[in-house]
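Novice:
Right, dumping it as structure tokens:
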């Protein structure tokens, strides 16, 4: 999505997480209607200005809050970091149990909200079906759709 030569330092990751945490706090008290309006406003901002840092902070916070509401699971710091790294064109290596599926919702939904076509791939048909079903409430809450192709 961005230049893969961009350096992603531990300091920039920690600063990004702090910004997302602060922004998330501003969203926690919003009604469902206000969350919908915040999503529409974010979509317009992303389409106009692209994946700038300010818009990505707002997007990750909104997706995190939507995940808390729909899935009962907000993104952890390591997942925010993984999502940030992926938006920078890098590979985020994560251990078993760190929540790769939930992590992928951050860059996938952010790009989709920006109008960029998104495909999340897996070579395992079982995981394709399971992950699509589990994450669909989150994507739907953001006004996005989910489809699968299985071999």
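In this note's numbering, the protein residues as written are -11 to 139.
Each residue gets a CB set at the ideal place from its N, CA and C atoms; glycine is no exception.
Computed from a predicted structure; not experimentally measured.
(1) How is residue 99 classed by DSSP in three states: helix, strand or coil?
(2) Quick one: is residue 37 buried, meaning 16 or more other Cβ sit within 10 Å of its Cβ, or exposed?
(3) Please name the residue, chosen from 33, 66 and 93, that lies closest to residue 103 on a Cα-to-Cα basis.
(4) Quick one: residues in its chain with C-beta nearer than 6 Å to the C-beta of residue 5, no 5 flanking neighbours on either side, listed in chain order?
(5) Just to confirm the assignment: which complete alpha helix (DSSP H) runs, minimum length 4, are found wholly within the segment 4 to 90?
(6) When burial is assigned at 16 or more other CB atoms within 10 Å of the CB, is residue 71 buried or exposed?
(7) Pick out whichever of 75, 21, 87 and 62 has its Cα sitting closest to the Cα of residue -4.
(8) Report yes or no: do the segment 101 to 120 and the segment 78 to 85 share at least 3 C-beta pairs separated by less than 8 Å?
(9) Tell me which residue opens and which closes the alpha helix (DSSP H) that residue 115 is part of.
(10) Beta-carbon separation of residue 56 and residue 11 under 9 Å?
Specialist: Concretely, from the data shown:
(1) Helix.
(2) Answer is exposed; the Cβ neighbour count stays below 16.
(3) Selected option, being the one with the closest Cα: 33.
(4) The beta carbon of residue 5 is closer than 6 Å to those of 65 and 68 in its chain, skipping five residues each way along the sequence.
(5) The DSSP assignment places 20 to 37, 41 to 59 and 65 to 75 as complete runs of the alpha helix (DSSP H) inside the segment 4 to 90, in order along the chain (cut-off: 4 residues).
(6) Buried, by the Cβ-count rule.
(7) Of the residues 75, 21, 87 and 62, the one whose Cα lies closest to the Cα of residue -4 is 75.
(8) Output reads no: the segment 78 to 85 does not touch the segment 101 to 120.
(9) Residues 113 to 129.
(10) No, the pair does not count as a contact, with Cβ atoms beyond the cut-off.
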